[in-house]
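Sequences listed follow chains A and B, in order. Going by my numbering, the first residue of the first sequence is number 63, and it counts up by one from there. Going by my numbering, the first residue of the second sequence is number 63, and it counts up by one from there. Take a look at the structure set out below.
Protein chains: 2
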Amino acid sequence: MYYSIFGQFKKQLLQMDTWFDAAEAHAKAKSFSPDVYATLRLAPDQLAFARQVQIACDTAKLAACRLTGKEAPSQADTEVTIEELRVRVKTVVAYLDGFVAPDFAEAATRSITQPRWEGRTMTGADYFLEHALPNFYFHVNHVYAILRHNGVSLGKKDYLGALTQHAPA
Amino acid sequence: MYYSIFGQFKKQLLQMDTWFDAAEAHAKAKSFSPDVYATLRLAPDQLAFARQVQIACDTAKLAACRLTGKEAPSQADTEVTIEELRVRVKTVVAYLDGFVAPDFAEAATRSITQPRWEGRTMTGADYFLEHALPNFYFHVNHVYAILRHNGVSLGKKDYLGALTQHAPA
Chain A
63 MYYSIFGQFK KQLLQMDTWF DAAEAHAKAK SFSPDVYATL RLAPDQLAFA
113 RQVQIACDTA KLAACRLTGK EAPSQADTEV TIEELRVRVK TVVAYLDGFV
163 APDFAEAATR SITQPRWEGR TMTGADYFLE HALPNFYFHV NHVYAILRHN
213 GVSLGKKDYL GALTQHAPA
Chain B
63 MYYSIFGQFK KQLLQMDTWF DAAEAHAKAK SFSPDVYATL RLAPDQLAFA
113 RQVQIACDTA KLAACRLTGK EAPSQADTEV TIEELRVRVK TVVAYLDGFV
163 APDFAEAATR SITQPRWEGR TMTGADYFLE HALPNFYFHV NHVYAILRHN
213 GVSLGKKDYL GALTQHAPA
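Dropping the structure here:
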C-alpha cells in the first residue's frame, strides 16, 4: 500500500501545479506579479508559500527514500518564483516516478531516523503513518489555504483532482 | 493497513481536541469568547471552523462505514460552541474505537458510492486513497490553519502529537 499512497502523493503534487495556474490567472486579472504568492503566509510565525511547496515536495521525496533505503537527492531550496516552484514540483514527481512497488517491500520494518531525532528511531510503518503522511498533507493544505485566503478561486475538485469512478451498472 | 490509518485518524482527531485548549487559552488571554472561533473562516467562500470540524469527523466516520459495509450513525451538525465541538470529536473517536482490523478485510474491493456521485462507483481502495484520505487531512488542516491565522499558538508538535520513537541503541 505504500506504493499506492506515493501514487496519491504524486497526484496531489500535480494538482498543486494546477493551483499555480489559478494563482497566475488571478494575479493577471488583478495586475500583480504571481510571484508575490511565493512570499505569503497565513500567520507571521508560519512558513511562507514557497517554503510550504518545498517541504511538501521534500516530505514525499524523503519518505520514499527512507522507506526504500535510497539516498535522497538534495535540492537547494532557492525557488522564489511560481515558475521555479513548478519545476520543483515536476522534479520531485519525476523522481518518484522512478520507484516501483517492490522497492517498498521492507518499508514497514525499516528503522528510520533523521538528524533532529538525536539517535531515536521509528519503524517505517510508524514513521510513515505518524510523520510523513500527516506532514505531507499539512504542507499541501497550507499551500492551498494560502492561495484561497488570498483570493485565488479553487474548490474541492481542484484539491482532489479526477476520481477513478466507474459508470453506473 | 486501513485499520492502521484509522488509528492515525483517531490520533489526529484527538490532537485537534488539544488545539481547542490552545484556542480557549488564547481567547481567555484576550478576553473574548472562544466560541468566536467556531464562526471563523479563511475565505468568505470557504466553510467556517465548526463545519470544518464536523466534516473532518464525518469523513473519518463515513470512510470507516463505507469500507466495512456498516451503516453510519448520523449527527445533526448543530455544534456552535467549542465545548460542543469537543463532544463531536470524542463521539466520532469513540465510534471508531468500535472497529477492529478484520472489519476492513474486504475494504479494498468494496464498491463505494454516495448520493452526489449519481450512481457512479469507486473501489474501496481508490475511494480511500483519492477521496477519504485527502479530504480528512483537508478539513483537519483547515481547522488548524484557521486557528493559526487567528492568533492561536500551535506548532508541528501540536499537529503531529507524540511519535512512537525508540531510544538510541
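A virtual CB, placed ideally from N, CA and C, is assigned to each residue, including glycine. Here the structure is a predicted model, which means the values were calculated and not measured.
For this session: Give me the Cα-Cα distance between B:Arg182 and B:Arg172, rounded to the nearest whole angstrom.
Result: Taking the first residue of the second sequence as position 1, residue 182 of chain B is located at position 120. Taking the first residue of the second sequence as position 1, residue 172 of chain B is located at position 110. Their backbone Cα atoms lie some 13 Å apart in a straight line.
For this session: Kindly list the residues whose CB is nearer than 6 Å to the CB of A:Asp165, restricted to its own chain and excluding five residues on each side of it in sequence; keep chain order.
Result: Within the first sequence, residue 165 of chain A is the residue found at index 103, counting from 1. Only Thr130 meet the Cβ criterion.
For this session: Write down every uninterrupted run of the alpha helix (DSSP H) in the region 129 to 183 of chain B whose length is 4 residues or greater and which is fully enclosed by it, in chain order.
Result: 144 to 159
Exercise. Should B:Leu195 go down as buried or exposed, given a rule of 16 or more other Cβ atoms within 10 Å for buried?
Worked result: Here residue 195 of chain B refers to the residue found at position 133 of the second sequence. By the neighbour-count rule (16 or more Cβ atoms within 10 Å), B:Leu195 is buried.
Exercise. So what does DSSP say about B:Thr80, is it helix, strand or coil?
Worked result: Sequence index remark: in the second sequence, residue 80 of chain B carries index 18 (1-based). If DSSP states are grouped into helix, strand and coil, B:Thr80 belongs with the helices.
Exercise. With a cut-off of 8 Å, do at least 3 Cβ pairs link the region 196 to 208 of chain B to the region 202 to 212 of chain A?
Worked result: yes
Exercise. Got a sec, what are the start and stop residues for the alpha helix (DSSP H) A:Asn243 sits in?
Worked result: Lying outside 63 to 231, the shown extent of chain A, residue 243 of chain A is not represented and no answer is given.
For this session: List the residues of chain A whose Cβ lies closer than 8 Å to the Cβ of B:Leu104, in chain order.
Result: Stepping through the second sequence from its first residue, residue 104 of chain B is reached at position 42. Those are Leu104, Ala207, Arg210, His211, listed as they occur along chain A.
For this session: Taking A:Ala100 and A:Thr143 to be in contact with their CB atoms under 8 Å, please state how far apart those CB atoms are, rounded to whole angstroms.
Result: Stepping through the first sequence from its first residue, residue 100 of chain A is reached at position 38. Stepping through the first sequence from its first residue, residue 143 of chain A is reached at position 81. With a Cβ gap of about 7 Å, A:Ala100 and A:Thr143 count as contacting.
For this session: Classify B:Phe94 as buried or exposed, calling it buried when 16 or more other Cβ atoms lie within 10 Å of its own Cβ.
Result: Residue mapping note: residue 94 of chain B aligns to position 32 of the second sequence, counting from 1. Exposed: under 16 other Cβ atoms inside 10 Å.
Problem set entry | Cα-Cα separation, A:Leu220 to B:Thr140 | Looking up residue 220 of chain A in the first sequence gives position 158. Looking up residue 140 of chain B in the second sequence gives position 78. Before going further, note that residue 220 of chain A is Asp rather than Leu in the sequence given. So the two alpha carbons sit approximately 28 Å from each other.
Problem set entry | Residues sharing a beta bridge with B:His228, DSSP | Working through the second sequence from its first residue, we reach residue 228 of chain B at position 166. According to DSSP, B:His228 bridges with A:Thr183.
Problem set entry | Supposed close pair B:Leu225, A:Met63 - CB separation, criterion 8 Å | The sequence position of residue 225 of chain B within the second sequence is 163, counting from 1. The sequence position of residue 63 of chain A within the first sequence is 1, counting from 1. Not really, about 20 Å apart at Cβ, beyond 8 Å.
Exercise. Which residues in the same chain have their Cβ closer than 7 Å to the Cβ of B:Lys73, if we skip the five residues on either side of it in sequence?
Worked result: The residue given as residue 73 of chain B occupies position 11 in the second sequence. Within the same chain, B:Lys73 has close Cβ partners Gly223.
For this session: Enumerate in chain order the residues of its own chain whose CB-to-CB distance from A:Glu114 is below 6 Å, with the five nearest sequence positions on each side excluded.
Result: Stepping through the first sequence from its first residue, residue 114 of chain A is reached at position 52. For the record, residue 114 of chain A in the displayed sequence is Gln; it is not Glu. Same-chain partners within the cutoff: His201, His204, Val205.
Exercise. Nearest-angstrom Cα distance between A:Ala126 and A:Gln176?
Worked result: Working through the first sequence from its first residue, we reach residue 126 of chain A at position 64. Working through the first sequence from its first residue, we reach residue 176 of chain A at position 114. Computed Cα separation, rounded: 14 Å.
Problem set entry | Nearest candidate by alpha-carbon position, reference A:Tyr189, set B:Leu102, B:Gln227, B:Asp97 | Taking the first sequence and counting its residues from 1, one reaches residue 189 of chain A at position 127. Out of B:Leu102, B:Gln227, B:Asp97, B:Gln227 has the C-alpha closest to the C-alpha of A:Tyr189.
For this session: Verify the CB distance criterion: does B:His204 have a CB-CB separation below 8 Å to chain A?
Result: Here the question's residue 204 of chain B lines up with position 142 in the second sequence. So, interface residue.
Exercise. Can the beta-carbon of A:Ile174 be found less than 8 Å from the beta-carbon of A:Arg128?
Worked result: Within the first sequence, the letter at position 112 stands for residue 174 of chain A. Within the first sequence, the letter at position 66 stands for residue 128 of chain A. A contact, by the Cβ cut-off of 8 Å.
Problem set entry | Beta-carbon gap between A:Leu76 and A:Ala112 smaller than 8 Å | Residue numbering aside, residue 76 of chain A sits at position 14 when the first sequence is read from its first letter. Residue numbering aside, residue 112 of chain A sits at position 50 when the first sequence is read from its first letter. Contact flag unset, no.
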